[in-house]
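Presented below is the structure to which this report refers.
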Amino acid sequence: MAQTVEQTSMYEVYALKYATRSAQRSANFVGGDPHDGPMPLDYYVWVIRNRDRLILVDTGFFQDMADKRHRSLLRTPVQALELIGIQAADVNNIVITHMHNDHVGTFDAWPNARFHLQDAELDYATGRHMACAIHSRAYEPDHVAGLIRLAYKNRIVFHDGDGEIADGISVHRVGGHTAGMQVVRVRTARGWVVLASDASHFYEHIQTRRSFSLVFHIGDMFQGYARLEALAQTTDHIIPGHDPLVMEKYPPLRQDLAGIVARLDIPPITK
Ligand SMILES: [Zn+2]
Numbered sequence: 027m028a029q030t031v032e033q034t035s036m037y038e039v040y041a042l043k044y045a046t047r048s049a050q051r052s053a054n055f056v057g058g059d060p061h062d063g064p065m066p067l068d069y070y071v072w073v074i075r076n077r078d079r080l081i082l083v084d085t086g087f088f089q090d091m092a093d094k095r096h097r098s099l100l101r102t103p104v105q106a107l108e109l110i111g112i113q114a115a116d117v118n119n120i121v122i123t124h125m126h127n128d129h130v131g132t133f134d135a136w137p138n139a140r141f142h143l144q145d146a147e148l149d150y151a152t153g154r155h156m157a158c159a160i161h162s163r164a165y166e167p168d169h170v171a172g173l174i175r176l177a178y179k180n181r182i183v184f185h186d187g188d189g190e191i192a193d194g195i196s197v198h199r200v201g202g203h204t205a206g207m208q209v210v211r212v213r214t215a216r217g218w219v220v221l222a223s224d225a226s227h228f229y230e231h232i233q234t235r236r237s238f239s240l241v242f243h244i245g246d247m248f249q250g251y252a253r254l255e256a257l258a259q260t261t262d263h264i265i266p267g268h269d270p271l272v273m274e275k276y277p278p279l280r281q282d283l284a285g286i287v288a289r290l291d292i293p294p295i296t297k
């Protein structure tokens with residue numbers, strides 16, 4: 027039966043910046059980059075919400091990972107949500123796009139949450155490829171073990187490919203960066219927004235069809251770019267996972283949150 031507009035859920039979507047680090051362009055592309063220079067990474071979690079629902083996408087990391095991996099933690103992801111009036115205990119559903127430390131690191135800070143994860147991601151993070159440092163270096167064994175414990179408590183919701191989280195919110199496995207990398211599609215007032223997370227670290231990766239330097243399957247990475255474009259309303263609706271430009275392109279949720287929380291359900295203010 028066709029849905030009326032009234033029955034169709036729409037959401038606000040926010041990017042919340044919680045950490046940053048400096049990097050060089052040559053380190054951010056497979057094969058390097060002929061025009062080297064600074065290309066810093068920002069670290070985000072994302073919030074999807076309307077009157078009825080609240081979904082957190084990824085959980086970021088705490089100070090331990092910032093120290094170990096030389097990132098600058100600006101605020102914990104829990105503190106970032108508190109800035110917009112959300113307490114950790116309010117969060118019942120979290121999408122984990124993939125299990126790298128910067129996306130799953132605060133998994134134990136959300137006492138009432140269930141975690142939406144691809145079968146292929148837990149398989150990958152517990153399987154043969156972790157014997158190879160190239161593939162394992164962004165994972166933390168303690169995070170992986172923690173998610174396995176949550177699985178035994180029925181707090182993991184497993185998806186295989188495409189899955190619906192709620193009306194107007196779906197996940198889609200694209201692989202590439204990791205074997206079980208998934209992206210999130212959200213219905214908003216401006217059309218379908220897609221949170222690419224690390225399916226495209228920067229705008230430049232998808233726009234120039236190059237891969238970030240850390241990649242499991244480069245063919246799937248490129249197929250993933252096409253999938254992102256098919257899922258999103260336009261290319262302006264694709265939100266990369268680590269690009270500082272996101273905070274410049276989108277308006278802040280409130281003026282006092284400029285550079286910290288951006289509204290992604292509103293059209294970009296710059297190209
Ligand atoms: Zn990442």
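Under our numbering, the first residue of the sequence shown is numbered 27, with each subsequent residue one higher.
Beta carbons: idealized from backbone N, C-alpha and C, even for Gly.
(message) Using 8 Å as the threshold, is the C-beta distance between F87 and D128 below it?
(response) Contact flag set, yes.
(message) Output needed for F184: all residues of its chain with C-beta closer than 7 Å, excluding positions within five of it in sequence on either side, in chain order.
(response) Within the same chain, L143 and D145 come within 7 Å of F184 by CB-CB distance, once the 5 residues on both sides are set aside.
(request) Taking H185 as part of the alpha helix (DSSP H), name the residues at either end of that continuous run. (result) Looking at the DSSP string, H185 is not in any alpha helix (DSSP H); the run it does join, the beta strand (DSSP E), is I182 to H185.
(request) Could you tell me if the beta carbon of H268 falls within a distance shorter than 7 Å of some heavy atom in ligand 1? (result) With a cut-off of 7 Å, the C-beta of H268 is classified as near ligand 1, since at least one heavy atom of the ligand falls inside that distance.
(message) Alpha carbons only, please: which of H161, Q281 and L176 is nearest the one belonging to S239?
(response) Comparing Cα positions, the closest option is H161.
(message) Just verifying my parser: in three-state terms, what is the DSSP assignment at S237?
(response) Reduced to three states, the DSSP call for S237 is coil.
(message) Here's the rule: buried if 16 or more other CB atoms are within 10 angstroms of the residue's CB, otherwise exposed. What is E230?
(response) So E230 ends up on the buried side.
(message) Taking the alpha-carbon of G267 as reference, which of G206, G153 and F228 has the nearest alpha-carbon?
(response) Here the closest residue by C-alpha is F228.
(message) Going by DSSP in three states, H227 sits in which element: helix, strand or coil?
(response) Three-state result, H227: coil.
(message) Quick check: the Cα distance between G58 and S237, rounded to an integer number of angstroms?
(response) Approximately 10 Å, taken between the alpha carbons.
(request) May I ask whether a heavy atom of ligand 1 can be found less than 7 Å away from the beta carbon of D128? (result) At least one heavy atom of ligand 1 is nearer than 7 Å to the Cβ of D128, so yes.
(message) By the DSSP assignment, the beta strand (DSSP E) with G189 in it spans what residues?
(response) Note, G189: beta strand (DSSP E), D188 to A192.
(request) Note the first and the last residue of the continuous beta strand (DSSP E) segment covering N119. (result) First-last of the beta strand (DSSP E) with N119: N119 to V121.
(request) Report all residues from its chain with a CB closer than 7 Å to the CB of G250; omit the five preceding and five following residues, and keep chain order. (result) Hits under 7 Å: V200, G201, G202 and A225.
(message) Looking at the secondary structure, which residues open and close the beta strand (DSSP E) in which Q208 lies?
(response) Element bounds for Q208: Q208 to T214.
(request) Could you name the residues of the same chain whose beta carbon sits closer than 7 Å to that of V31, not counting the 5 residues immediately before and after it, in chain order? (result) Residue confidence is low: V31 scores 49 on pLDDT, short of 50, so the model does not pin down where it sits. Its coordinate-derived value is still stated next. Beyond the five residues adjoining it in sequence on each side, V31 comes within less than 7 Å, by CB distance, of no other residue in the same chain.
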